[in-house]
Structures are given as C-alpha cells and as structure tokens.
Amino acid sequence: MTTETYLDRLSKLHKHSQQVIMDNQQPAGGYLACPTMPDYQYSWFRDGAFIAYALTMDGIDNMVPHKVGISGQWDSADHFHRWCAGIINGRADALERTINRAEQGQPLVLADTLNARYEDGGNAGPDDWPEFQLDGPALWVWSLAKYVEVCRITPLPVAWVQAIKLVVRYLSAVWQHPCYDCWEERGDDVHISTLAAIYAGLGAAHHLIPSLDVETTQQAIREFIVEKGLTPNGELAKSVGLDMVDANLLMAALPDFGLLAPDDPLMVRTVARIERDLLAEGHGVHRHLEDTYYGGGAWVLLGLWLAWYKVQVGDASAAKDLLRWAESHADAEGNLPEQVKDRMFAPSYYEGWVAQRGEIANPLLWTHAEYLIVRHSLQRTAS
0 MTTETYLDRL SKLHKHSQQV IMDNQQPAGG YLACPTMPDY QYSWFRDGAF IAYALTMDGI
60 DNMVPHKVGI SGQWDSADHF HRWCAGIING RADALERTIN RAEQGQPLVL ADTLNARYED
120 GGNAGPDDWP EFQLDGPALW VWSLAKYVEV CRITPLPVAW VQAIKLVVRY LSAVWQHPCY
180 DCWEERGDDV HISTLAAIYA GLGAAHHLIP SLDVETTQQA IREFIVEKGL TPNGELAKSV
240 GLDMVDANLL MAALPDFGLL APDDPLMVRT VARIERDLLA EGHGVHRHLE DTYYGGGAWV
300 LLGLWLAWYK VQVGDASAAK DLLRWAESHA DAEGNLPEQV KDRMFAPSYY EGWVAQRGEI
360 ANPLLWTHAE YLIVRHSLQR TAS
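If you read the sequence shown in numbering that gives the first Met the number 0, its first letter stands for residue 0, the second for the next number, and so on.
Encoded structure:
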C-alpha cells in the first residue's frame, strides 16, 4: 500500500482544476460559475475572464492534449472569447442607446446595458438579479489581451475588434455611473474595484487596437480615484465615501494593465489593511467587514487571489502558505469551494443562506482558476 505524497496531491488537484473548468464549459463557450448551485448555473463575463486567463497561462507549461494538436486550455479560452464577443456584438443596438443616453446626461435604461450573467445561448439571466455590473466586460478585454499575446493571434478576428471597440465606447461613457460590485452588492455606489477593472480593460484594449484613444478616460479614472476613492488613512476605499477596504481591491494590481503596480505605495497600504481587517486565522480572506453572505466566511478564492499578489511582490513564502490553506479545503474529489464556514464574521446568517440557496458553492470555477494562476505564477518564479 503506497502513501500519497504532498506532490501527488498537488498534481491531482492541478489536473482536477483543469478538468472541472473544461467540463463545465458550455457548448456555446461560457463557463458555468458553479454546476451545483442553481443561482450560479450561468456564465459571467467576470468569472469567465479570470477562468480564461488561468487557462491561457496554464496552457504554457501544462498543456492538456487537444484533438487538433493545440493546448486544450487555449482552445477552451478561445471558445469563451468568441462567446463574449458574440454576446457583446449582439447587444450593439442597445449599447449604442446607452452610450447616447450617458453622453446626453440622461438616466440609463437597465434593459439597454450588458447583463452580468447569461445562459449559454446568449439569453440574459432572470431579471431578479443585480445585473448592471461594469467590471465584467472590462475584465474580458483584459483577459483577451493576454490570450492574444500568448497564442500570437494575428490579425484579430473582425468580431473581436468590433466587440472591443464597442466595450471601450460603452465603458468610457458610463464608468462614473453607480453599479453593483463584483459581489453583486451596493448597486447605488461607485466601486473602486470596478473602476480598477475598467482602467485595466481600457489599457488592454489600447494594446490590442493601438488606434483606440483610451488615455483621456484612464486619466479621468485615476484622478477620480485619488480625489474620491481613498480612505482617510490613504488606502483605496471599497466604494466612494466608505472608510472600508474590500478584498476585491486586489483588482487594482492586475498584471500588465493594472491601475497600480503591485509595489506602488498606495497598493501596499491597501493590501496591508486588507490583511489587517480581512485575513482570517489560517489564511482565508473575508470579502469585507459587513459581509453576512453565508455567514461572512473566509473565501478560498480570495486567499488564492492574495497569494497571486504575494507572488507579484516577490513574497513566495507567503504565497505558498496561502496556497496550502486553499489546498487543505479541497474535498475528497478535489473540488475547491467559494468560501468556508469555519471562519465567519456573522455566523448567525449561515443557516438562512443555506435554507434559501443550498450549501456553499462547490466547486466554484473561479476558485479553481485562481488556483491555476497561483500555481503557474509560482512555477515561473521558481524557474
């Protein structure tokens, strides 16, 4: 009888992460956020962008064989990017109406904006959901830029060019409007993580299509954040007017086109407060101090995202500690959940959420994507 080693477990978890993502890609190209939770059986631009980014990077060194001889991860990412472009281009008339309203200072019409989540065929999700979110299309462009770079896609497909240009015009017109954040909360606020995602998406769009003029909007976003988006102590704020951080502010240090370099003093101060306020004992990370969703548990997803940041600033030891904590919460099949219930801010809310929506989402594809990203980042750092 052989004893499974730590490296054996890592290899199994890595392969399972690849498999659970690709098994839950839908025929048209979207990724189910979670196959076991009814509310999550849709495809989000945001989740999918990180998933496609993870597959793009993972395919460099850990290629999954594909029937036409390319990386299976890259083929999957390509399928997703085509799906996104199709949805965006299919909404062109509605988005043009939104752009015109925004430019004329008129109220936006929700039906003419991009939804956050979609069914596989492109139909928007049910109306009873916080659908107006601006980070998703921005993150799609950011993810697409890495895919184009790694896979050397030239020239860009016409549909991608059309979608990128439309997203840039849409985001440039509406970026100051309140919307729901990436946790689908606080729909009346302007969120710094959303602005950071838009900033990165615009930079990626210019990289893909150099003729696009995004500098004016990027500069306006940066000035807006400095003026209205900081806490009294000089960290990035969760939202305008809130003296609070949110773990989603890690969005500000996205690689390549991020608002801030990982070692920028503003980013360092922000992460320090995230760790002080939200880092749980044992290294899970809470979303924010007011969180009551499933009891406000520590998120495996966010622990891995913080690990990714730690790799970027050269702290591989901290990244590995966070990675081990995440790995310890994989179930017997290797599934990684959204969050865990052993570290909660508001435990009295847990049972109510379970009664309403079922158990914590598991597997969450975005968590598995972050796992692949951290594994790749550490592997590259060690090489």
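We treat Cβ as the ideally placed atom computed from N, Cα and C, and that holds for glycine. All figures in this text were calculated on a predicted structure; none of them were measured in a lab.
Between arginine 356 and glycine 296, the CB-CB gap reaches or exceeds 8 Å. Scanning its chain for C-beta atoms nearer than 8 Å, with the 5 sequence neighbours on each side dropped, one finds around proline 231 the residues Asp242, in chain order. Within the same chain, no Cβ atom closer than 7 Å to the Cβ of aspartate 92 is found once the five residues on either side in sequence are excluded. Spanning the alpha carbons of valine 108 and alanine 137 requires a straight line of approximately 20 Å. Taking all protein chains shown into account, proline 336 has 16 or more neighbouring C-beta atoms within 10 Å of its C-beta and is therefore buried.
By alpha-carbon distance to lysine 237, the top candidate from Gln218, Ile50, Gly29 and Cys181 is Cys181. For the pair glycine 257 and alanine 199, the CB atoms are nearer than the 8 Å cut-off. Residues of the same chain with a CB within less than 7 Å of the CB of histidine 367, apart from the 5 flanking positions on each side, are Ser16, Val19, Ile20 and Leu335 in chain order. Pairing glycine 29 with arginine 81 gives a Cβ-Cβ distance that is not under 8 Å. One alpha carbon belongs to asparagine 361, the other to leucine 31, and they sit about 12 Å apart.
Rounded to whole angstroms, the Cβ separation of alanine 318 and leucine 277 is 17 Å, and the two are not in contact under 8 Å. The closest CA to that of glutamate 226, considering only Asp187, Thr216, Gly240 and Leu155, is found on Gly240.
With 16 or more neighbouring CB atoms inside 10 Å of its own CB, asparagine 114 falls in the buried class. Below 8 Å, too few C-beta pairs join the segment 259-276 and the segment 205-219 to call them touching: fewer than three. Secondary structure of arginine 90 (DSSP, three-state): coil.
In the three-state reduction of the DSSP assignment, arginine 45 falls in the helix class.
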